[in-house]
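One structure is given here, and the rest of the page talks about it.
Here it is, written out as structure tokens:
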């Protein structure tokens with residue numbers, strides 16, 4: 020048992036142990052808990068930055084994602100690690116990824132919106148798949164007849180794609196409406 | 042080969058000289074493609090990109106014909122055809138016919154009949170690319186391995202949420218107060234812990250939350266009885282029948298029946 024008050028090195032070790040055993044991102048609030056209200060948020064941020072630097076030459080890196088901070092293996096190791104369990108979960112179908120993209124970039128959207136953009140009926144299995152993965156959820160109902168559910172992406176989605184916020188999603192190659200110019204038929 | 046040519050050709054561009062009017066689609070290729078299309082918009086985009094058509098100035102007759110060819114072949118190859126494809130056929134024909142109609146001179150700046158289709162095609166293409174981009178991103182469980190070192194969470198001890206010392210101190214003060222009311226007693230009292238457990242429980246049932254001190258009748262009960270009461274409380278706590286709580290150190294200790 021460490022003797023309180025703790026010195027900086029000890030505080031960093033506690034954070035390190037907490038993050039390494041968590042298995043999921045820990046928020047700043049969660050990371051403050053071990054210190055029982057005796058640590059300022061600014062101190063915590065500083066310690067996390069130091070910890071990040073300390074681990075720079077190691078196999079794991081400390082990263083910040085939407086839900087908080089987590090340790091993860093450096094990308095260089097991913098091809099090697101993937102050989103341990105060759106049968107990993109399958110990637111989603113193209114239809115699923117397009118549905119996910121619509122929800123991610125156009126949220127909140129209804130099934131109707133998704134059908135309008137993709138031009139085909141929404142496969143309920145895809146929605147279920149994405150809900151079970153906890154990548155999307157229902158955030159409300161649109162105030163139109165039938166009150167259709169509005170879907171949005173979750174923090175888990177951002178976490179799993181290594182993102183802090185939606186603004187970090189790859190920019191969409193979007194032709195804005197202004198780019199679509201039509202020559203109006205000349206009246207003369 | 043026609044396929045090679047198709048890449049270079051710009052239908053509305055310059056190199057039109059040696060291009061066959063009818064772009065040949067190998068019939069066997071169809072079965073392969075059918076599964077790959079994610080709907081009529083996807084098929085249209087494929088046709089437009091494959092034949093290098095200008096998406097902002099779609100030759101409707103050409104596109105409609107090619108689209109209908111595909112749809113017709115889908116039908117003949119006994120594949121269940123989604124209604125969406127047929128709906129799109131109708132839409133293409135409608136646009137085509139609207140473009141053939143002479144425009145009344147008094148209607149200025151009438152919207153191009155293709156505008157809505159083009160908007161949808163572009164929106165869909167953007168989403169399609171975004172979906173591919175998302176799919177290429179590293180994901181937790183695939184390329185990203187999150188640290189998860191083993192740590193056995195030690196189960197938090199049962200109902201009493203106070204320390205043993207606190208309970209001892211409280212007990213000491215009960216004893217101290219009892220000593221002021223010591224009587225000399227003769228005789229033997231058979232005191233059952235379990236009986237007192239029931240007494241305490243009944244009291245808690247009646248009064249809800251009871252302060253630790255209030256459970257002891259130091260004036261009337263002799264020391265043995267007080268001891269038995271205390272043992273009964275400890276036993277109740279051990280069996281998880283009562284909850285013992287204290288807000289802060291040295292503040293009153295409260296007992297209440299554990300809710301089942």
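Chains as they are written, first to last, in our numbering: chain A, 20 to 207; chain B, 42 to 301. Backbone N, C-alpha and C fix where the C-beta goes; we use that ideal spot for every residue, glycine too. All figures in this text were calculated on a predicted structure; none of them were measured in a lab.
- The beta-carbon distance between residue 46 of chain A and residue 86 of chain A, rounded to whole angstroms, is 6 angstroms. This is short enough to meet the 8 angstroms contact definition.
- The beta carbon of residue 171 of chain A sits no closer than 8 angstroms to any beta carbon of chain B.
- Secondary structure of residue 177 of chain B (DSSP, three-state): helix.
- Here the C-alpha atom of residue 172 of chain B lies approximately 37 angstroms from the C-alpha atom of residue 63 of chain A.
- In chain A, no part has a C-beta under 9 angstroms from the C-beta of residue 293 of chain B; the shortest such distance is about 24 angstroms.
- Legend: CB atoms of the stretch 135-153 of chain A lying less than 9 angstroms from CB atoms of chain B belong to residues 135, 136, 137, 138, 139, 140.
- Within chain B, the residues placing a beta-carbon under 7 angstroms from that of residue 121 of chain A are 168, ordered along the chain.
- Boundaries of the beta strand (DSSP E) around residue 287 of chain B: 283-287.
- Judged by DSSP secondary structure, residue 90 of chain A falls within the beta strand (DSSP E) whose first and last residues are 87-92.
- When DSSP states are grouped into helix, strand and coil, residue 156 of chain A belongs to the strand group.
- When the beta-carbon positions are compared, residue 155 of chain A and residue 140 of chain A stay at least 8 angstroms from each other.
- The three-state secondary structure of residue 32 of chain A, taken from DSSP, is helix.
- For residue 236 of chain B, there are no neighbours in chain A by C-beta distance under 8 angstroms, as the nearest C-beta there is about 42 angstroms away.
- Residues of chain B with a Cβ closer than 9 angstroms to the Cβ of residue 124 of chain A are, in chain order, 167, 168, 171.
- When the beta-carbon positions are compared, residue 249 of chain B and residue 217 of chain B stay at least 8 angstroms from each other.
- The alpha-carbon of residue 131 of chain B is positioned some 20 angstroms away from that of residue 143 of chain B.
- For the pair residue 138 of chain A and residue 125 of chain B, the CB atoms are nearer than the 8 angstroms cut-off.
- In summary, the residues of the stretch 88-100 of chain A whose CB is separated from some CB of chain B by less than 9 angstroms are 89, 90, 91, 92, 94, 96, 97, 98, 100, in the order they occur in the chain.
- Non-local C-beta neighbours of residue 51 of chain A in its own chain, meaning closer than 8 angstroms and more than five positions away in sequence, comprise 58, 60, 63, ordered along the chain.
- In this structure residue 99 of chain A is exposed. Its beta-carbon is surrounded by fewer than 16 other beta-carbon atoms within 10 angstroms.
- Within chain B, the residues whose beta carbon sits less than 7 angstroms from that of residue 192 of chain A are 167, 170, listed in sequence order.
- Counting only Cβ-Cβ distances below 8 angstroms, residue 125 of chain B has contacts in chain A at 138, 139, 140, in chain order.
- Annotation for residue 270 of chain B: the continuous alpha helix (DSSP H) segment containing it runs 264-279.
- Secondary structure note for residue 89 of chain B: its alpha helix (DSSP H) is the uninterrupted segment 81-91.
- Below 8 angstroms, too few C-beta pairs join the stretch 146-164 of chain A and the stretch 89-96 of chain B to call them touching: fewer than three.
- Beta-bridge partners of residue 172 of chain A (DSSP): A/155.
- By the criterion of a C-beta distance shorter than 7 angstroms, residue 70 of chain A is surrounded in its chain by 31, 34, 35, 81, once the five residues flanking it on both sides are discounted.
- Interface residue (Cβ-Cβ distance to chain B less than 8 angstroms): residue 42 of chain A is classified as such.
- If you look at residue 131 of chain B, you'll find it in the alpha helix (DSSP H) that goes 124-141.
- Counting of Cβ neighbours within 10 angstroms places residue 179 of chain A among the buried residues, the total reaching 16 or more.
- Closest in C-alpha terms to residue 182 of chain B, from the list A/161, A/163, A/105, comes A/105.
- Counting along the chain, the unbroken beta strand (DSSP E) around residue 83 of chain A starts and ends at 79-84.
- The beta-carbon of residue 143 of chain B is placed no less than 8 angstroms from the nearest beta-carbon of chain A.
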